[in-house]
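Enquirer: Sequential numbering from 524 applies to the sequence shown in this note's numbering.
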Amino acid sequence: MGDERYRILVEAVTDYAIYMLDPAGTIGSWNRGAERFKGYTALEVLGTNFSRFYTDADRARGLPAFALGTAAREGRFESEGWRVRKDGTTFWASVVIDAIYGTDGELLGFAKITRDLSERREAENALRRSEERFRLLVQGVTDYAIYMLNRDGIVSNWNQGAERIKGYAPDEIIGQHFSRFYTAEDRERGEPQRALDTAIREGKFEKEGWRLRKDGTPFWASVVIDAIKGDNGEVIGFAKVTRDMTERRRHEQALEEARQSLLQSQKTEAIGQLTGGVAHDFNNLLAAILGSLELIRKQASSEKVAALADNAIEGARRGISLTQRMLSFARRQELSPTTVDLPKLVSGMSELLQRSLGPLVSIETRFPLALDAARVDPHQLELALLNLTMNARDAMPGGGTIIIAARAEDIAAAGRSNLAPGRYLCLSVSDVGEGMDEQTLARATEPFFTTKGVGKGTGLGLSMVHGMAEQSGGGFVLKSRSGEGTTAEIWLPVAERLPTQEVSPDARSYPADDKPQRSLRVLAVDDDALILMNTAALLEDLGHSVIEAASAREALEVLDGGAKIDLVITDHAMPRMTGAQLAEIIRAKWPDLPIILATGYAELPTEQGQKLPRLSKPFWQVDLQRAVDAATS
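1) Please work out which residues of its chain come closer than 7 Å, Cβ to Cβ, to T1101, disregarding the five sequence neighbours upstream and downstream, and give them in chain order.
2) To the nearest angstrom, how far is it from the Cα of L948 to the Cα of L868?
3) Would you please state the rounded distance, in angstroms, between the beta carbons of K635 and Y542? I believe it to be under 8 Å.
4) Just the Cα atoms here: how many angstroms apart are L904 and A707?
5) Look at the Cβ atom of A929, then the Cβ atom of P901, and state whether they are nearer than 9 Å.
6) In whole angstroms, give me the CA-to-CA distance for K737 and Y691.
7) If you pair each beta-carbon of the region 613-621 with each one of the region 640-647, do three or more pairs fall below 8 Å?
8) Go ahead and label L1138 buried or exposed: buried means 16 or more other beta carbons lie within 10 angstroms of its beta carbon, across all protein chains shown.
9) Would you mind sorting Q1144 into buried or exposed? The rule is 16 or more other CB atoms within 10 Å of its CB.
10) State the CB to CB distance for the pair V746 and T769, rounded to an integer number of angstroms; the pair is presumed to be in contact (CB under 8 Å).
11) Under the assumption that I688 contacts A718 (Cβ atoms under 8 Å), give the Cβ distance between them as a whole number of angstroms.
12) Label S1008 either buried or exposed according to how many other C-beta atoms from any shown protein chain fall within 10 Å of its C-beta, with 16 as the threshold for buried.
13) If you reduce the DSSP assignment to three classes, tell me which class P468 lands in.
14) Would you kindly work out how many angstroms separate the C-alpha atoms of R898 and L1001, rounded to a whole number?
15) Please identify the residue among S1068, S679, A811 whose C-alpha is closest to the C-alpha of L1046.
16) Does the distance from the C-beta atom of V1081 to that of I1092 stay below 9 Å?
17) Starting from the N-terminal side, write out each stretch of the alpha helix (DSSP H) that is 4 residues or longer and does not extend beyond the region 695-766.
18) Indicate the three-state DSSP secondary structure (helix, strand or coil) for N834 in the structure shown.
19) E686 to Y670, Cα distance in whole Å?
20) Consult DSSP for A622 and reduce its assignment to one of helix, strand or coil.
21) Using DSSP with H/G/I as helix, E/B as strand and the rest coil, what is D639?
22) Classify H700 as buried or exposed, calling it buried when 16 or more other Cβ atoms lie within 10 Å of its own Cβ.
23) Please state the DSSP three-state secondary structure of K1002.
24) Do you know offhand how far A590's Cα is from A622's?
25) Let me check understanding here. Comparing Cα to Cα, which of L1135, F999, D1152, L1079 lies closest to L1065?
26) Rounded to whole angstroms, what is the Cα-Cα separation between G632 and E647?
27) Tell me the DSSP secondary structure of G585 in three-state form.
28) Buried or exposed: which applies to Q822, given that a residue is buried once 16 or more other Cβ atoms fall within 10 Å of its Cβ?
29) Can you give me the C-alpha to C-alpha distance between P970 and H989, rounded to a whole angstrom?
30) Assign P1141 to one of two classes, buried (16 or more other C-beta atoms within 10 Å of its C-beta) or exposed (fewer than that).
31) In whole angstroms, what is the alpha-carbon distance linking A834 and L1120?
32) Residues in its own chain within less than 7 Å of R483 by CB, not counting five upstream and five downstream?
33) Mind checking P587: buried by the 16 CB within 10 Å criterion, or exposed?
34) Alpha carbon to alpha carbon, how far is G604 from T578? Give it in angstroms, no decimals.
35) In this structure, how does DSSP classify P1016 when only helix, strand and coil are distinguished?
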């Protein structure tokens, strides 16, 4: 009864092929699992040899007999291999053959159990193929360094990206500690171990920083370290991915520098607007003060009053110099550019420079034998050179040599960012003084910034040079390092030809007492009552009669009223209607009436305004007389 139950149990199994063989391998029983796996019914297979389930190749090698022999000798044979179904298809089988012995030890036959492992094998093969593809994929990546570390940080594999980025071949780095990629400073701070500890504690470590290539050159790296855990949850190693971000960092730095330059430009422009407005108002005050002082000086009845007037005039002269610097920084100073021979200009003012610098400082000039002429206002350039050499002297309290040099250079489209393509002259002033650190150098051209003591500098010298150079179509570059001296470069556009005559100096002597040949009836227009009164007084002192108008509208009312006017002198910056706009209306109605535009600004908004005769504010009486004579001659 027990044997029957056992037989029924075996017959019912469908997941395993279980059948009996005699000592020669003849099949003696066949269960439902065998029928399902192999495709044979019991009637078709009983009494045949089990070798029919083997492939032709296995039968040729004698594998069936070897399996039975091993089982008979050792009691058991176990293997995996290909087997053949009735329809000729193959499947991957797990085979166990157990020898069956009688009570007397005689071999009665074999019990054979076969299981179809085709699906498992396919899954294993699929996994193996997937792993191989993944290995090949990782190995083929060149933009990322992907490699494994063991628990102690030792490199255990190495892909092509790691070799390309870090410069090590696999046999050079596998087995080495990954800390060799860190800088000496990072290693001293324990950064490599801190990275692994963070990955163990948090599962991941991510950071950007400097790393080293095999040749010692640094690169900016994005690093990710993932902790790899075993089945028991303990960390068994790390996966490390590194990307070279040097180029991106360079672009980001360039973008940040451009942003800072833009902010600095906007700040400078805002300060320039403020400075220009203040200078314009200061110009008006100086004009009133200067004109009155000149008249007082001419009418002084005693030497003491004359001396006081001269002293006040000298103070006004310094104020004019200050407003010129402020307007130059704001790029509103009126310039009179001409063709200038730089070596000749420097030579002409060498005595003045040497006398100003004192005996402890010597000047050395370095000019090529042939040098193009520059297009610049010579007086403003002289003032700029005086400023730069005085700064150089102050940087060398113990004395030294100042080198003034010049050279020509062609600037391409991709050259200096602040210069348009073309040919330029670089006029430089170099000293061997204290120099400046990076912070001081960055602020050196800011208006009102100075490193000199209180009362020893306005802080407008370099900003004036900067404004003059850019207003002239060039640029200003300051180079310095702490303890290594400073070089200031003024870049100026090349002129088309050399000057044909000397540029006369800008005389600032008092006007002669002789009156003009004829008395003119002048219409003076200015919205500032002080300036208007001052201009009228100077004109009347010269022998002219004056009609005053406080606005452009009042001026037009005077002219429309039929008053006989020989000359109009008008301020430009007036509310509601500017002097240039007034001039356009006058030219349209009274085309033969001379007009002089008085202004402290370099640029006028209209073409008509730019063509008018100009009188720069603040002006001396001699300037006014010359302007009147030129406009009415």
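By construction, the Cβ of each residue, glycine as well, lies at the ideal position given by its N, Cα and C atoms.
Note that the structure is a prediction, hence the values are computed from the model and not measured.
Expert: Taking the definition as stated:
1) Once the five neighbours on either side are set aside, the close Cβ partners of T1101 are H1095.
2) Computed Cα separation, rounded: 14 Å.
3) With 8 Å as the limit, K635 and Y542 qualify as a contact, their Cβ atoms being about 6 Å apart.
4) A direct Cα-Cα distance of roughly 52 Å separates L904 from A707.
5) Contact annotation: A929 and P901 have beta-carbon atoms that are not nearer than 9 Å.
6) Put simply, the backbone Cα of K737 is about 6 Å away from that of Y691.
7) In short, these stretches touch, since the Cβ pair count reaches three.
8) By the Cβ neighbour-count rule, L1138 is buried, with 16 or more other Cβ atoms within 10 Å of its own.
9) It counts as buried.
10) For V746 against T769, the beta-carbon gap comes to about 13 Å, at or over 8 Å, which does not count as contact.
11) At roughly 17 Å, the Cβ-Cβ gap does not stay under 8 Å, so I688 and A718 are not in contact.
12) What sits at residue 1008 in the sequence shown is Gly, not Ser. Buried, because 16 or more other Cβ atoms sit within 10 Å of the Cβ of G1008.
13) Lying outside 524 to 1156, the shown extent of the chain, residue 468 is not represented and no answer is given.
14) Computed Cα separation, rounded: 21 Å.
15) Looking at the Cα atoms, S1068 is the closest of the given residues.
16) With a cutoff of 9 Å on beta-carbon distance, V1081 and I1092 are scored as not near each other.
17) The region 695-766 contains these whole alpha helix (DSSP H) runs: 707-711, 714-725.
18) Of the three classes helix, strand and coil, the one that applies to N834 here is helix, per DSSP.
19) Those two C-alpha atoms are separated by around 10 Å.
20) For A622, the secondary structure class from DSSP, reduced to helix, strand or coil, is strand.
21) Strand, per DSSP.
22) Classification for H700: exposed.
23) Here K1002 carries a strand assignment [DSSP, helix/strand/coil].
24) When rounded, the distance between both Cα atoms is 11 Å.
25) Of L1135, F999, D1152, L1079, the smallest CA-CA separation from L1065 is found for D1152.
26) When rounded, the distance between both Cα atoms is 34 Å.
27) In this structure, G585 counts as coil in the three-state DSSP scheme.
28) Q822 sits exposed, since fewer than 16 C-beta atoms from the chains shown fall within 10 Å of its C-beta.
29) At P970, the pLDDT of 46 sits below 50, so the modelled position is not reliable; the number obtained from the coordinates is stated separately. In a straight line, the C-alpha of P970 is about 10 Å away from that of H989.
30) A residue is called buried once 16 or more other Cβ atoms fall within 10 Å of its Cβ, and P1141 is buried on that count.
31) The sequence shown places Asn at residue 834, rather than the Ala named in the question. Spanning the two alpha carbons is a distance of roughly 30 Å.
32) Given that the chain is displayed from residue 524 to residue 1156, the structure contains no residue 483 and the question cannot be resolved.
33) For P587, the number of other beta carbons within 10 angstroms of its own is at least 16, and it is reported as buried.
34) T578 and G604 have their alpha carbons spaced roughly 10 Å apart.
35) In the displayed model, P1016 falls within a strand according to three-state DSSP.
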